[in-house]
Every structure is written in structure tokens, then in C-alpha cells.
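The sequence shown begins at 195 in the numbering used here and counts up one residue at a time.
Quick reminder that beta carbons are idealized off the backbone N, C-alpha and C, glycines included.
Quick caveat: nothing in here was measured; it's all calculated off a predicted structure.
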Amino acid sequence: MADNSSKNTPPGYPGEYEAWFTVKDGRRVFLRPIKPADRELLLDLLHRLSDQSIFLRFLGHLRDLSPDLLDHLTIVNYVSDFAIVATVVEKSEDHIIAVCRYHYVRDTGGTEFAVAVRDDWQGTGLGKEMVRRLFDAARKNGIRRIEAVVDPSNQAMMKLLNALGRPYTSKPLHGIYTFLVEL
Ligand SMILES: CC(C)(COP(=O)(O)OP(=O)(O)OC[C@H]1O[C@@H](n2cnc3c(N)ncnc32)[C@H](O)[C@@H]1OP(=O)(O)O)[C@@H](O)C(=O)NCCC(=O)NCCS
195 MADNSSKNTP
205 PGYPGEYEAW
215 FTVKDGRRVF
225 LRPIKPADRE
235 LLLDLLHRLS
245 DQSIFLRFLG
255 HLRDLSPDLL
265 DHLTIVNYVS
275 DFAIVATVVE
285 KSEDHIIAVC
295 RYHYVRDTGG
305 TEFAVAVRDD
315 WQGTGLGKEM
325 VRRLFDAARK
335 NGIRRIEAVV
345 DPSNQAMMKL
355 LNALGRPYTS
365 KPLHGIYTFL
375 VEL
């Protein structure tokens, strides 16, 4: 079950990022920070993403998440690591249909972000809204620059970045682009 209640929230859970959002075709989704209890729903999202979306998100062919990786993805400190999920109820079951996150990268000292929207919800304005909210959270947490690694074929992600209107630079490396966005 998607835990949308204000109970069972981990320490530091920033409830102010909870919000309803209406996508372009009128469907409503509930946006909130991720919680440790989201492990199964996150796996469910991964299993429902197309191969193409998985490739564009992970630049590889991830089909499962190890327990350690699930910990890493669901247990965040909401400051240097942050994730927002979009939840809906479908056929009486809760689902996470999108996730947007940033995390501190120890090797570079920078902050990286990424987003994935389930295929049947893509193109509805959800990805853009989630990245916009994630950038707000990052800014409030003192992060000034944030980067994303983007496959050159990923027109949707490039359009999304342009649509947000933040200044950015991009550089190619080994066939992929790193976008550095000023917050
Ligand atoms: C990239 C992604 C997050 C975008 O989210 P989305 O909800 O589908 O996109 P939105 O509806 O918010 O649209 C954002 C912009 O991209 C454009 N866009 C959306 N889908 C597009 C597509 N398939 N091709 C070209 N442009 C597209 C929209 O027109 C919009 O631009 P606009 O505001 O100027 O009209 C989503 O498609 C996705 O999850 N893709 C697979 C995983 C991935 O690529 N993640 C990014 C890794 S960094």
C-alpha cells in the first residue's frame, strides 16, 4: 500500500512537499516525499517501465533492485538526498507512477538528479512538475547546481530541461550528455 498518511513518517520527513497535482488529461496524482515503506511500490514501478524508459533512466538494463539498492533509494535524509514520488490508486491498488530524486555524489562532491515516469503517464506534464518541485527542494536545502546524465536520444528530457527555464550547460562524454543546471 502507498503510505500517504502522515503517520509512519521517518524522522525529518518534510510534509510540506505533499500536494495533489492534476495532469494535462485531468487525472489527479498525489505527490509526496519518498518513505522507507515504498520499497515494494518502487519495485512495482520498475517492473512496469518499458525497456526503453529503463534504458533512458539508468543508461543500462536494470530489471531488479537489490535489497541494498532499495534501501538506498527509499531511505533518504531529505537534505543531501531527496526523492518525490507520484502515487495513484488503480483498480483499488496503490501505485507509484513516477519518481524524481537527487542525491549527493561523494566522488565528485556534486548533486545528481534523475526522474522516471511510468510509460502510460508520460507526456502528461508530470515529469516537468516533479522536476520543478525537486529543484525547489534542492534550492531550499542549499544546493546551487544540480546535474543529470542524459542519453542524446532523450528528446523528452531535453525539452523538459528547456521548459523549466533554468540556465544550464551541457557537455558530451563517452556518447552521453551531462547537463549542469543552475538552481
Ligand atoms: C523524460 C521524462 C521524465 C519526461 O517526463 P514526462 O512527464 O513524460 O514529460 P512532460 O509531459 O512533463 O513534458 C516535458 C516536456 O517534454 C516534452 N515531451 C514529453 N514527451 C516527449 C517526447 N516523447 N518527445 C519529445 N518531447 C517530449 C513535452 O512537450 C514538454 O515540453 P513543453 O513543456 O515545452 O511542452 C519521461 O518521459 C520519462 O520518464 N522517460 C523515461 C526515463 C527518462 O528518460 N528519464 C530521464 C533520465 S535523466
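Residue state for D262 is assigned as helix, using DSSP reduced to three classes.
Taking the Cα of N348 as reference, the smallest distance to any Cα among Y371, G336, R360 and I340 is reached at Y371. Note on W214: under 16 other CB atoms within 10 angstroms of its CB, so exposed under the neighbour-count rule. Residue state for E212 is assigned as coil, using DSSP reduced to three classes. L256 counts as exposed, since fewer than 16 other C-beta atoms from the protein chains shown sit within 10 angstroms of its C-beta. Looking from the CA of P361, the closest CA among L253, M352 and C294 belongs to M352. Closer than 7 angstroms to some heavy atom of ligand 1: that does not describe the Cβ of T372. Bridge partners of S364 according to DSSP: F373.
For L225, no alpha helix (DSSP H) segment is defined; the enclosing uninterrupted segment is the beta strand (DSSP E) at R222 to P227.
In the three-state reduction of the DSSP assignment, R300 falls in the coil class. Residue environment: G206 is assigned as exposed (fewer than 16 neighbouring CB atoms within 10 Å of its CB, all protein chains considered). Separation of R333 and Y296 (C-alpha to C-alpha, rounded to the nearest whole angstrom) is 12 angstroms.
Straight-line spacing of the CA atoms in D345 and V309 works out to 13 angstroms. Around N271, the same chain offers G206 as residues with beta carbons nearer than 8 angstroms, after the five sequence neighbours per side are excluded.
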